[in-house]
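Structure, as structure tokens:
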Amino acid sequence: MRPGGRIQAAAEVLDDILVRHQPAATALADWGRRHRFAGSGDRAAIGTLVYDALRRRLSLAVQMGSDAPRALALAAAPRALGLSVEDVVALADGSPHAPAPLSDDERRRLAAGVPDDAPPHVVADVPEWVMASFTRAFGERAVIEGQAMAERAPVDLRANALKAPRDKVLTALASHGAEAVARSPVGVRIPAPRGPARSPHVEAEASHGKGWFEVQDEGSQIAALLAGAAPKQQVLDLCAGAGGKTLAMAAAMQNSGQIYAYDRDKGQLRPIFDRLKRAGVRNVQVLDGGDRAALDALGPRFDVVLVDAPCSGSGTWRRKPDAKWRLKPEALATRRSEQREVLSLASGLVKPGGRLCYVTCSVLPEENIDQVAWFKETYPGFTPVPYGKAWLETIGGAPPVSADGSDETLLLTPASHGTDGFFVALFSKAAEGG
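Positions in the sequence shown are counted from 1; adding 25 to them yields the working numbering.
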């Protein structure tokens, strides 16, 4: 396909996403099935353009004076495909499979960029109703933090210490430009691609099939490490999902002790079995999804309870940009209720002297510091553990500065730490007689 055809294809996919309300991944897959003549390079470029347009949907729409799929595809094309504005104008020549020629107004807007007087939420590329939460969290850095969430994300991997040290994984993936991450001692990063290229499909590598690594953002790795799971302990991953943090804690525990993995959604939990086998994990017992009776029967036996709570997912907007524009206030309210429910459940499963680790992949204070304040008031038997103290115990070295300035809880972000957005709060349960 010619580059003009890629721009037109991206506009068609964006129409499916924005007008027909299909998830981005589904819309791209459907387009590929309908256009089997498109090569892998074409599909990669189209996907890159679509996701870049979604990441900066608001600022691009203001730039072009329209949020129509055509306008977004044209405005995103220069950066996404490595083209000049003049290239885009020339490619839109009305030939078969290419966009129609640009109007004079479209040409002017494409060259002008985002207006200097655009409102902060437009420059930050976050929904207007969310901007107040960003300002609460980040103050004068709210726009910078939002802009970083509108950039492409790298591919982060966790070297599985049960099978391969990090150096071995780095060597295996050297052809992809793999490098050690800044803070996680087991983290590997493949930088985000530039231009029309797509990130490599690392799960197709033989080293992944051998269980040497798992795809996991550095922020998620840090959250699992800060939970403090250690050899011979009893640990509960209460919202285990597909098991990313379960596997990380199993490696930290050196396959000793016992981890129970539970999730209320059996569909979310299903992939964990293949992942455990591939990673060589032997100390995990997976409870049936949604079986609260089995969970309640365990009682307060756990040294560590990890609550990777259901949340808005705002910290992952770099990877799932269509979710940014689907988030609504009522959905956030539902998530907050679910978070309090799961924190209440977790509080009864931590043994005296044990630790509770509350994690979200959100940057919104309503899901983070507000929930911590509620928990401290509702469950006075739990004492906050400053993240810096836990960092020295589990990771070592100087802890990073939390993106929201807190000394008690840790907020990681793309702009401040180069990770996805992750929040970590730690609590110690009072010992018996304490």
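Beta carbons are placed, not taken as given, at the ideal position from N, Cα and C, and that holds for glycine. Just so we're clear, the structure is a prediction, and the values are computed from it rather than from any experiment.
Query                                                                                                                                                                          : Result
For the 8 Å Cβ check, are there 3 or more pairs between the stretch 443 to 459 and the stretch 382 to 393?                                                                     : yes
Curious, which full-length alpha helix (DSSP H) runs of at least 4 residues does the stretch 68 to 111 contain?                                                                : 82 to 89, 94 to 106
When the Cβ atoms of the stretch 309 to 316 are set against those of the stretch 287 to 296, are three or more pairs found closer than 8 Å?                                    : yes
Applying the 10 Å Cβ sphere with the 16-neighbour rule, what's the burial state of residue 111?                                                                                : exposed
Quick one: any contact between the stretch 320 to 340 and the stretch 363 to 383, if contact means 3 or more CB pairs under 8 Å?                                               : yes
What are the start and end residues of each continuous alpha helix (DSSP H) run of 4 or more residues lying completely inside the stretch 314 to 347, in chain order?          : 317 to 323
According to DSSP, what are the bridge partners of residue 474?                                                                                                                : Residue coverage of the chain in this structure runs from 26 to 459, which leaves residue 474 outside it and unanswerable.
Identify every residue that forms a DSSP beta bridge with residue 286.                                                                                                         : 262, 311
Could you spell out where the beta strand (DSSP E) holding residue 183 opens and where it closes?                                                                              : 180 to 184
Determine the DSSP secondary structure at residue 215, reduced to helix, strand or coil.                                                                                       : strand
Would you mind stating whether residue 78 and residue 89 have Cβ atoms separated by less than 8 Å?                                                                             : no
How big is the Cα-Cα spacing for residue 379 and residue 44?                                                                                                                   : 50 Å
How about residue 221 and residue 99: are their beta carbons less than 8 Å apart?                                                                                              : no
From the DSSP output, in three-state form, read off residue 139 for me.                                                                                                        : coil
Excluding the 5 residues preceding and the 5 following residue 56 in the sequence, name in chain order all residues of the same chain whose CB lies nearer than 6 Å to its CB. : 38
Under a three-way DSSP split, which group does residue 365 fall into?                                                                                                          : helix
Assuming residue 439 is part of the beta strand (DSSP E), what are its boundary residues?                                                                                      : Counting along the chain, residue 439 falls outside any beta strand (DSSP E), though it belongs to the alpha helix (DSSP H) covering 439 to 442.
On the DSSP letters alone, give me the boundaries of the beta strand (DSSP E) that residue 240 sits inside.                                                                    : 238 to 240
Can residue 262 and residue 278 be called in contact, C-beta distance under 8 Å?                                                                                               : no
Enumerate in chain order the residues of its own chain whose CB-to-CB distance from residue 30 is below 7 Å, with the five nearest sequence positions on each side excluded.   : 122, 123
What whole-angstrom Cβ distance do residue 407 and residue 453 have, given they're in contact under 8 Å?                                                                       : 7 Å
So if DSSP puts residue 447 in a beta bridge, which residue, or which two residues, is it bridged to?                                                                          : 437
Would you mind working out which of 295, 265, 304 sits nearest residue 334, comparing C-alpha positions?                                                                       : 265
Is it true that the stretch 201 to 214 meets the stretch 141 to 155, where meeting means three or more beta-carbon pairs spaced less than 8 Å apart?                           : no
By DSSP, does residue 205 sit in helix, in strand, or in coil?                                                                                                                 : strand
Got a sec, what are the start and stop residues for the beta strand (DSSP E) residue 380 sits in?                                                                              : 375 to 385
Taking contact to mean at least 3 C-beta pairs separated by less than 8 Å, is the stretch 339 to 349 in contact with the stretch 171 to 185?                                   : yes
For residue 400, which three-state DSSP category applies?                                                                                                                      : helix
In the DSSP assignment, what residue or residues form a beta bridge with residue 407?                                                                                          : 454
Between which two residues does the alpha helix (DSSP H) harbouring residue 167 extend?                                                                                        : 167 to 173
Here's the rule: buried if 16 or more other CB atoms are within 10 angstroms of the residue's CB, otherwise exposed. What is residue 238?                                      : buried
Given a cut-off of 8 Å, decide if residue 194 and residue 184 are closer than it, judged by their beta-carbon atoms.                                                           : yes
Where does residue 274 fall in DSSP's three states?                                                                                                                            : helix
Taking 8 Å as the cut-off, decide whether the C-beta atoms of residue 382 and residue 331 are in contact.                                                                      : yes
Give the straight-line distance between the Cα atoms of residue 34 and residue 64, rounded to the nearest whole angstrom.                                                      : 13 Å
Only counting the same chain, and skipping five residues up and downstream in sequence, which positions put a Cβ closer than 7 Å to that of residue 233?                       : 227
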